[in-house]
Amino acid sequence: MSKCLQHTPLHAMHLEAGARMAPFAGYNMPIQYPLGIKHEHLHCRNQAGLFDISHMGQLRLRANNMATAALALEALMPMDILTLQPGRQRYGLLTNANGGILDDLMITHADDHYFMVVNGACKLNDIAHLQASLPQSITLETLHNQALLALQGPAAVNVLEQLTPVVREMKFMQGKALSMLGTHCFISRAGYTGEDGFEISLPADKAPELVKHLLEFDAVQWIGLGARDCLRLEAGLCLYGHDLDSNTTPVAAGLSWAIQPNRRLGGDRSGGFLGSDNILTELKSGSSHCRIGLLPQGRAPIRQGSELCANNGAIIGRVTSGSFGPTLNAPIAMGYVMSQHTMVGNQVYAIVRGQQRPCKITPMPFVPHRYHRS
Amino acid sequence: MSIPSELKYSASHEWVLDKGDGTVIIGITEFAQQQLGDVVFVELPQVDAKLCNGDEFGVIESVKAAADLFVPIAGVVIDVNTQLEDEPELVNTDPYGKGWICKLRLNDIDDLQQLLDADAYTSLCET
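As structure tokens, this is what we get:
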């Protein structure tokens, strides 16, 4: 690869912490620290894990008024943006004309603009797509000089409230601009691990100082992208480029819940988004394939790309994410199978190195979410 | 990093202990286990399997990925470490001891001469 890898503002701190670095989404990112993936994973489930996710895209969308911006976004996303209240966050999808998913993202109503966090590997395409598709009246700002940290786990709130007490009052999927250590931050109570926790957007040059403060807490430990992957898999959350792509529709991906009723058939702003014909039809009559959770029998993990077959040997789908779940101490996977095979409890077979390995179709998440909803 | 001088090594990071009676014990090195990270599953060879030098004789799965095991010397499998079925992490915690993978009866003990000694393997890891 000839392309130069970018560094996050915390690169030097990762090296100092003994991280093993590898390319991800064009950045040289920490995959694991000396603690190792398994123990990092368990630490996040039991205490608080600190993630550098500054490779992700952070965008601001503005217009003369919020309704103009909301309706412009609704032409590109099957979500209800218009009634999203100030300080509230929502999971969203950018779709293409066929109803395939271009990216999944988080969007927050930040009073005078929408704040969006998109996948690192998709951000350049997303920005091009938004610039080409949004009307002139909408201003899109890319926050190049902003770091993004995630603090996840049951101790996250206890740690963060010592730096800014107001975070204890926040609920899951709320976002707030506030000052922490004298720095202007945007904090949301959400994440990608299934745990309670926060994502903190702040100026790149202030990030190392905040990290230093956070790492002073015994409960806080750096967590790399390796553990981030098995944490999100245990939580049943999709990884774009693996479980979601431009040929996968929201209905097939099991993300129908993210499409609010007022954008569906019969809703007051039904359709009118890219791919709405296909998506609205699928919402009514289902998709040909569906995303499912898989519990392989035995201890051998099954990996992305393995084909899935039925009892009679017919190929019925494939694995899109597969790993070992340290919390469950067992292998877990997700994938897509033809809709007639999605029944929970069904046995299917993953083909691993020429052998058929039995797997049970299982509901997700594999590990219950522990979001702070009330 | 530990590279015991009494062992022989392969460029694919397996170690070989010569028992002196025409049999050997094979495992993976400290360097290999560090590179792999947390081992969660080891697919062991079949007892009585006849292996040629360079054959794939098993698979080690870490949380992140699968790595093939290559046998660095020809022989017949006479025993496998079934303890790894329940405690695959022994490959990480004790790679030269309880984390051994299999025992072979060699086709030709002179093949041992083809393997690297500890000094040669050390240089290989450093490059």
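Going down the list, the protein sequences come from chains A and B. FYI, this note's numbering numbers position 101 of the first sequence as 109, with every residue one higher than the one before it. FYI, this note's numbering numbers position 98 of the second sequence as 103, with every residue one higher than the one before it. Beta carbons: idealized from backbone N, C-alpha and C, even for Gly. For clarity, every value in this text was computed on a predicted model and none was experimentally measured.
Within chain B, the residues that residue i reaches when beta carbons sit closer than 7 Å
i	result
A308(A)	F46, E48 and E66
Q40(A)	G42
I45(A)	G42, D43, V68 and K69
Assumed close pair residue i, residue j - CB separation to whole angstroms, cut-off 8 Å
i	j	result
Y35(A)	L13(A)	6 Å
V47(B)	L89(B)	4 Å
G183(A)	T91(A)	The pair is not a contact, with the Cβ atoms about 16 Å apart (cut-off 8 Å).
A260(A)	H297(A)	5 Å
L109(B)	L49(B)	That belief does not hold up - the Cβ atoms of L109(B) and L49(B) are roughly 13 Å apart, past 8 Å.
I31(B)	V21(B)	6 Å
V356(A)	V345(A)	7 Å
Y99(A)	D112(A)	7 Å
I61(A)	A235(A)	Their Cβ separation, rounded to whole angstroms, is 13 Å, which puts I61(A) and A235(A) out of contact at 8 Å.
A129(A)	G249(A)	6 Å
P309(A)	G330(A)	6 Å
N153(A)	A212(A)	5 Å
Y379(A)	F180(A)	4 Å
A227(A)	G199(A)	A227(A) to G199(A), Cβ: 16 Å. No contact.
Residue i at chain A interface by Cβ criterion, 8 Å
i	result
K69(B)	yes
W20(B)	no
As assigned by DSSP and simplified to three states, the class of residue i
i	result
E11(B)	coil
R381(A)	coil
G65(A)	strand
S128(B)	helix
D113(B)	coil
V133(B)	Any answer about residue 133(B) is impossible in this case: the structure gives chain B only from 6 up to 132.
A30(A)	strand
H117(A)	strand
G59(B)	coil
I267(A)	coil
A158(A)	strand
S329(A)	strand
C107(B)	strand
S10(A)	With a pLDDT of 42 at S10(A), under the threshold of 50, the modelled position of that residue is not reliable, and the figure given next carries that caveat. In this structure, S10(A) counts as coil in the three-state DSSP scheme.
N86(B)	coil
F36(B)	helix
H297(A)	strand
D60(A)	strand
N72(A)	coil
Q363(A)	strand
L79(A)	helix
Residues that residue i contacts on chain B, provided the C-beta gap is smaller than 9 Å
i	result
P334(A)	D43, V45 and V68
Beta carbon proximity, residue i to chain B, threshold 8 Å
i	result
S314(A)	no
R311(A)	yes
R365(A)	no
G244(A)	no
C317(A)	no
G232(A)	no
R361(A)	yes
C238(A)	yes
Q229(A)	no
Bridge partner(s) assigned by DSSP for residue i
i	result
A105(A)	Its beta-bridge partners do not exist; DSSP assigns none.
V64(B)	E48(B) and D73(B)
F194(A)	A185(A) and S209(A)
I323(A)	C317(A)
M124(A)	L67(A) and I115(A)
Y248(A)	L252(A)
I340(A)	S331(A)
Listed by chain order, chain B residues near residue i by CB distance under 8 Å
i	result
S331(A)	V68 and K69
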